[in-house]
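Chemist:
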């Protein structure tokens, strides 16, 4: 029996009619196979093609249809938080804790120019050097993965999710009702242009969602999973607690 383990990169549905195993070389990761995996769709090996329409509920329903087992902990960042809010009611096995990292909930609308600038990054991503200069807390790996994610992203997703937000589909109304799952909003630092307007939403949470906890991580940007990953992991594992830089607004 092997005495070591590997992480796995997977594509598509586990229910695909056929499956393929791709093993990379020494100086690589599973991500290097993505172009080959795209071609395997013609043979039914599970790569999911890009769609023409994306909605928050549609993404959540897709996840619910393809998650084979339950998860003890779930987290989402930015629009991912909105998706997991919509996902939770669809799961048979509810997680112990749901952490929403600087979520898109009633956010200040982006201008068409801002959205166009984000979409342009899928064709011409920001260089690793510029990313590291603008984000001194990031590592080289963070910058490389961010650039890869930008060129791999379907630009249609960006435009349609912002349209969904403008229609009110990403409001606090999407927060799941009280259940056995602990729900925590972990917001970024307002001084660093966080997306979630934490202080202005305290009263709303008190009145309409009293079961939802809220904290701000000081010195954390919207990309908290890059500059403060240990904070997210700690909150996922143990919930809110006294720690440096964490300001608890609702517990």
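Numbering (the working numbering), first residue to last: 1 to 251.
In this text, a Cβ means the ideal position worked out from N, Cα and C, and glycines have one as well.
Ignore the nearest five residues each way along the sequence and tell me which others in residue 259's own chain have a CB closer than 8 Å to its CB.
Modeler: Outside the displayed span of the chain (1 to 251) sits residue 259, for which this structure offers no information.
Chemist: Sort out for me which residues DSSP pairs residue 100 with in a bridge.
Modeler: Paired residue(s): 76, 185.
Chemist: Within the same chain, show all residues whose beta-carbon is closer than 7 Å to that of residue 179, passing over the 5 residues directly before and after it, in chain order.
Modeler: Answer for residue 179: 94, listed in chain order.
Chemist: Inspect the CB distances between the stretch 126 to 135 and the stretch 208 to 219 and report whether three or more fall short of 8 Å.
Modeler: As far as the Cβ criterion goes, the stretch 126 to 135 does not touch the stretch 208 to 219, which means the pair count is below three.
Chemist: Below 8 Å on the Cβ atoms is my contact criterion, and I expect residue 86 with residue 108 to pass it. Report the Cβ-Cβ distance as a whole number of Å.
Modeler: Not quite, the Cβ-Cβ distance comes to about 21 Å (not below 8 Å), so this is no contact.
Chemist: When you compare only the Cα positions, how much space is there between residue 47 and residue 96?
Modeler: Per-residue confidence for residue 47 stands at a pLDDT of 46, beneath the threshold of 50, marking its modelled position as unreliable; the derived number appears in the next sentence. Going by the C-alpha atoms only, they are around 31 Å apart.
Chemist: Please check the pair residue 54 and residue 156, which I expect to be a contact at CB under 8 Å, by giving their CB distance rounded to whole angstroms.
Modeler: Confirmed, about 6 Å.
Chemist: Per DSSP, what are the beta-bridge partners of residue 250 in this structure?
Modeler: Its beta-bridge partners are 214.
Chemist: Residue 31 to residue 199, Cα distance in whole Å?
Modeler: For residue 31 and residue 199, the distance between alpha carbons rounds to 39 Å.
Chemist: Put residue 123 into one of helix, strand or coil per three-state DSSP.
Modeler: If DSSP states are grouped into helix, strand and coil, residue 123 belongs with coil.
Chemist: Report the residue from 100, 112, 124 whose alpha carbon sits nearest the alpha carbon of residue 151.
Modeler: The option with the nearest alpha carbon to residue 151 is 124.
Chemist: Thinking C-beta only, is residue 244 closer than 9 Å to residue 137?
Modeler: Not closer than 9 Å, so no.
Chemist: Taking contact to mean at least 3 C-beta pairs separated by less than 8 Å, is the stretch 61 to 78 in contact with the stretch 34 to 41?
Modeler: Segments in contact, no.
Chemist: Rounded to whole angstroms, what is the Cα-Cα separation between residue 118 and residue 25?
Modeler: When rounded, the distance between both Cα atoms is 33 Å.
Chemist: Can you check whether the CB of residue 249 is closer than 9 Å to the CB of residue 209?
Modeler: No, Cβ-Cβ distance for residue 209 and residue 249 is not below 9 Å.
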